[in-house]
Amino acid sequence: MLDTADFSSRLSEIIAAHQLQEGPLLPILHDVQAEWGHIPEPAIPAIAQALNLGRAEVHGVVTFYHDFRATPAGTTVIKVCAAEACQAQGGRDLVQATLRAFGLRDYGTTLDGKVTVEPIYCLGLCACGPAALVGDRLIGRATAQSLKDAAQ
Amino acid sequence: MKIYVPRDAAARALGADQVAEAVLVEASRRGMTIELVRNGSRGMVFLEPLVEVETAQGRTSFGPMTPADVPALFDAPDTHPKAQGPVQLIPWFARQTRLTFARVGLIDPLSLGDYKANGGLAGLRRALEMSSDERMDEVKVSGLRGRGGAGFPTGIKWDTVRLAQADQKYIVCNADEGDSGTFADRMLMEGDPFTLIEGMAIAGLTTGATRGYVYIRSEYPDAIHQMTEAIRIARLNGLLGPSLLGTGPAFDMEVRVGAGAYVCGEETSLLNSLEGKRGTVRAKPPLPALQGLFGKPTVVNNVISLATVPWIFANGAQLYRDFGLGRSRGTIPLQIAGNVRFGGLFETDFGMSLGEIVNEVGGGTASGRPVKAVQVGGPLGAYFPASKFATPFGYEEFDGQGGLIGHAGIVIFDDSVDMLAQARFAMEFCAVESCGKCTPCRIGAVRGVETIDRIAQGDAAAMPLLVDLCDTMRDGSLCALGGFTPYPVMSALTHFPDDFARMKEAAE
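The following block contains the structure:
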């Protein structure tokens, strides 16, 4: 899966880029996830050692934050706003319709690994809800169809 | 010809990028040279994408625009079906008092020249000429209170940090705007990022802090981009760095990105997150003003509090204080959202009644159905029924009605909303987002969902249990997450008892 030599050298670069910052752990984790799409398990002891932290401590941080993934997401990630302002505009129905549109029963990834549907709690698009994020594209007044089109 | 197409996230979510592209294509097709400015949003989300064209007569606006509307912009702007006239004459815009948001939408957000030409840096320049005591008095006299929601007097917080002795002090800007229904921080950072930089620089100058952090939630990629760029430009031009504007003390800052934890909007949890730890809440005392980031004296302020400081220093504290109602001084950027006809950001003096905001400014619901409930202040704010619409918008006034103004998000629901479902969501959200440090929040929220489910199934005995649970969460939680979740739950139960009783009848 991960080429060990490449992985280690890239990880070292990421760590080195942040090591002298105050509070470097979150910036490192963000970069690791940007590089590999998730936080690979072998990254945890390496980061812990570089920052002089316990493995449990780094693991605890990774698992605390919703953004960090233990496994890669689908090719396209659809985040549908599940918060109140979007609920007021039919957000609950949009979540259900979106899941149905991709043949999902609950939040998660389709069997072919192409699409992940997840909840997000507010994109700050509360006056043009319901809102969603498809990849890096923001969509206001979203419908299941507009999300499906954007995911193509 | 100068054409403005917002690059604000809400405008982009409604197609502003496609409109901007169409403008460029159309101009090139006609062999015209145009200057395209990606400005911030004027706040009228119901008109986005709102395009402005600068002519000899001034700026005039068109919206909501689609790519198909673009050619007519070049052919016959005067008779364009989407013509809205000059923005400052649109009634929704004209009735505002835009102080903090004066430049948002007006200028090119990343042009320091535009910023200065429109009053930028005047506040910092005046602050640099003042003595430490004078600067401190300016903030105190203004009556500015924390716009993040707690409403703590900004001057008192700053003075505590100023008087603390330490080798390093910090200014931390809380841009973890997680409350549903709020987007003022986002719009400000995307539309006028230099204002926030200037406000943080004045805070550093006043308190003796030399380092600043803007902690922005990861859900705001556009704001992260704009702030990062603005800081780079400010540093390049000597605004930030070893000496503020080349004459003051050192001050520099950087952006840090959150990782999807709502609780990190709580100040102590945010500090832990900045330090690279789990975003768990810290017990207070010690106050962050004395032992904050890395144990050093730290100002933690919301984006809007800090971004209002330059106006206060440029125009005088007394002038700012003259706006407002009771102990709520100045202006508040209301965010009118949810099921609303005219939604967006509306900055006004404190004191406007909730009913006026919802019905007159907001124009009622988008669906055209009657308004049933209005949640004010985010997921931890109370649901207000129409019978409380006379409440004037102010910290004490909302507190007196069993609610809070929070970060001034106003979410409107029509009569199709089920308030039991909203109460359940409040508990569910608290359970998902609880940091887990204190028991009333961690366990209480889970039990809250279960108890509301029992009520939904017609178990009347669960009702007093829910009230009791809410008391425990309110009095026993470490921070506002567990402590304020009872606001939406209890307000739903108190003001909309039918939604809880109806379920009971259905079960019988």
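Residue numbers (the working numbering), protein chains in the order written: chain A, 1114 to 1265; chain B, 45 to 552.
A virtual CB, placed ideally from N, CA and C, is assigned to each residue, including glycine.
Keep in mind that this is a model prediction, so the values were computed, not measured.
Residues of chain A with CB under 8 Å from residue 388 of chain B, in chain order? Taking the first residue of the second sequence as position 1, residue 388 of chain B is located at position 344. Correct list: 1240.
Counting contacts by CB-CB distance shorter than 8 Å, is residue 57 of chain B in contact with chain A? Within the second sequence, residue 57 of chain B is the residue found at index 13, counting from 1. Residue 57 of chain B counts as touching chain A.
In this structure, how does DSSP classify residue 416 of chain B when only helix, strand and coil are distinguished? As a working mapping, residue 416 of chain B is identified with position 372 in the second sequence. If DSSP states are grouped into helix, strand and coil, residue 416 of chain B belongs with the strands.
By the criterion of Cβ-Cβ separation under 8 Å, what are the contact partners of residue 184 of chain B in chain A? The residue you call residue 184 of chain B lines up with position 140 of the second sequence. In chain order: nothing, as chain A lies at least about 30 Å away.
Any contact between the segment 396–406 of chain B and the segment 420–435 of chain B? By contact I mean 3 or more CB pairs, one from each, below 8 Å. yes
Identify every residue that forms a DSSP beta bridge with residue 391 of chain B. Numbered from 1 along the second sequence, position 347 holds the residue referred to as residue 391 of chain B. BP columns for residue 391 of chain B point to B:377.
I'd like to check one pair, residue 114 of chain B with residue 387 of chain B: are the Cβ atoms closer than 8 Å? Here residue 387 of chain B corresponds to residue number 343 of the second sequence, with the count starting at 1. Here residue 114 of chain B corresponds to residue number 70 of the second sequence, with the count starting at 1. Not closer than 8 Å, so no.
Helix or strand or just coil, what does DSSP make of residue 65 of chain B? To locate residue 65 of chain B, count along the second sequence from 1; it is residue 21. It is helical.
Limits of the beta strand (DSSP E) - the one that residue 431 of chain B falls within: For the purposes of this step, residue 431 of chain B is taken as residue 387 along the second sequence, with counting starting at 1. No beta strand (DSSP E) holds residue 431 of chain B; DSSP gives it neither H nor E.
Residues of the segment 1186–1200 of chain A with a CB closer than 9 Å to any CB of chain B: list them in chain order, please. 1192, 1194, 1195, 1196, 1197, 1198, 1199 and 1200
Quick check: is the beta carbon of residue 319 of chain B nearer than 8 Å to any beta carbon in chain A? The residue you call residue 319 of chain B lines up with position 275 of the second sequence. Yes, contact with chain A.
Residues of chain B with CB under 7 Å from residue 1251 of chain A, in chain order? Walking along the first sequence from the start, residue 1251 of chain A turns up at place 138. Here the neighbours are 53, 56 and 57.
Would you kindly check if the distance between the Cβ of residue 1197 of chain A and the Cβ of residue 508 of chain B is under 8 Å? Along the second sequence, read from residue 1 onward, the residue named residue 508 of chain B stands at position 464. Along the first sequence, read from residue 1 onward, the residue named residue 1197 of chain A stands at position 84. No, the Cβ-Cβ distance between residue 508 of chain B and residue 1197 of chain A is not below 8 Å.
So for residue 88 of chain B, helix, strand or coil by DSSP? The count along the second sequence starts at 1 and reaches residue 88 of chain B at position 44. Of the three classes helix, strand and coil, the one that applies to residue 88 of chain B here is strand, per DSSP.
Does any C-beta atom of chain A lie closer than 8 Å to the C-beta of residue 170 of chain B? As a position in the second sequence, residue 170 of chain B is number 126, starting the count at 1. Residue 170 of chain B does not count as touching chain A.
State buried or exposed for residue 1233 of chain A, treating a residue as buried only when at least 16 other CB atoms are found within 10 Å of its CB. Translated into the one-based positions of the first sequence, residue 1233 of chain A becomes position 120. Label assigned to residue 1233 of chain A: buried.
Where does residue 1152 of chain A sit, in a helix, a strand or coil, going by DSSP? The residue you call residue 1152 of chain A lines up with position 39 of the first sequence. It is coil, neither helix nor strand.
Looking only at its chain, what residues have a beta carbon closer than 8 Å to the beta carbon of residue 557 of chain B, apart from the 5 residues adjacent to it on each side? Outside the displayed range of chain B (45 to 552) lies residue 557 of chain B, so it cannot be described from this structure.
Taking the beta carbon of residue 55 of chain B as the centre, do at least 16 other beta carbons fall within 10 Å, making it buried, or is it exposed? Here residue 55 of chain B refers to the residue found at position 11 of the second sequence. When all chains shown are included, residue 55 of chain B counts as buried.
Buried versus exposed, by CB contacts within 10 Å (16 or more), residue 240 of chain B: As a first step, residue 240 of chain B is located in the second sequence; it is residue number 196 there, counting from the start. Its Cβ being crowded by 16 or more others within 10 Å, residue 240 of chain B is buried.
Would residue 63 of chain B be called buried (16 or more neighbouring beta carbons within 10 Å of its own) or exposed? Locating residue 63 of chain B in the second sequence gives position 19, counting from the first residue. When all chains shown are included, residue 63 of chain B counts as buried.
Using Cβ-Cβ distances below 8 Å, what residues of the segment 1122–1150 of chain A are close to chain B? 1135, 1136, 1137, 1138, 1139, 1140, 1142 and 1143
Around the Cβ of residue 99 of chain B, are there at least 16 other Cβ atoms within 10 angstroms (buried) or fewer (exposed)? Start at 1 with the first residue of the second sequence, and residue 99 of chain B comes out as number 55. Residue 99 of chain B comes out exposed.
Between which two residues does the alpha helix (DSSP H) holding residue 517 of chain B run? On the second sequence, residue 517 of chain B is found 473 positions in, with the first residue counted as 1. Start and end: 506–520.
Could you say if the segment 407–426 of chain B and the segment 370–379 of chain B meet the contact criterion of at least three C-beta pairs nearer than 8 Å? no
According to DSSP, residues forming a beta bridge with residue 1126 of chain A: Sequence index remark: in the first sequence, residue 1126 of chain A carries index 13 (1-based). DSSP lists no partner for residue 1126 of chain A.
Output the boundary residues of the beta strand (DSSP E) element that contains residue 80 of chain B. Residue 80 of chain B sits at position 36 when you count from the first residue of the second sequence. From DSSP, the beta strand (DSSP E) with residue 80 of chain B extends over 79–81.
Minimum C-alpha distance to residue 319 of chain B - residue among A:1251, A:1125 and A:1133: As a first step, residue 319 of chain B is located in the second sequence; it is residue number 275 there, counting from the start. Measuring from the Cα of residue 319 of chain B, the nearest candidate turns out to be A:1133.
Residue 1234 of chain A - partner residues in DSSP beta bridges: Position 121 of the first sequence, counting from 1, holds the residue named residue 1234 of chain A. DSSP output for residue 1234 of chain A lists no bridge partner at all.
List the endpoints of the continuous alpha helix (DSSP H) containing residue 235 of chain B. Translated into positions along the second sequence, residue 235 of chain B becomes position 191. Unbroken alpha helix (DSSP H) run through residue 235 of chain B: 228–235.
Enumerate in chain order the residues of its own chain whose CB-to-CB distance from residue 1264 of chain A is below 7 Å, with the five nearest sequence positions on each side excluded. Sequence index remark: in the first sequence, residue 1264 of chain A carries index 151 (1-based). Closer than 7 Å at the Cβ level, and outside the excluded window around residue 1264 of chain A, lie 1189, 1191, 1228 and 1247.
Identity of the residue in B:475, B:101, B:274 and B:251 nearest residue 306 of chain B by Cα: Walking along the second sequence from the start, residue 306 of chain B turns up at place 262. Comparing Cα-Cα distances from residue 306 of chain B to each of B:475, B:101, B:274 and B:251, the minimum goes to B:475.
Roughly how many angstroms lie between the CA atoms of residue 169 of chain B and residue 398 of chain B, to the nearest whole one? Residue 169 of chain B sits at position 125 when you count from the first residue of the second sequence. Residue 398 of chain B sits at position 354 when you count from the first residue of the second sequence. If you take the alpha carbons of residue 169 of chain B and residue 398 of chain B, they lie about 38 Å apart.
Residue 321 of chain B - containing beta strand (DSSP E), residue span: Working through the second sequence from its first residue, we reach residue 321 of chain B at position 277. Careful: residue 321 of chain B lies outside any beta strand (DSSP E) and carries neither H nor E.
How about residue 50 of chain B and residue 208 of chain B: are their beta carbons less than 8 Å apart? Stepping through the second sequence from its first residue, residue 50 of chain B is reached at position 6. Stepping through the second sequence from its first residue, residue 208 of chain B is reached at position 164. Against a cut-off of 8 Å, the Cβ pair of residue 208 of chain B and residue 50 of chain B comes out as no contact.
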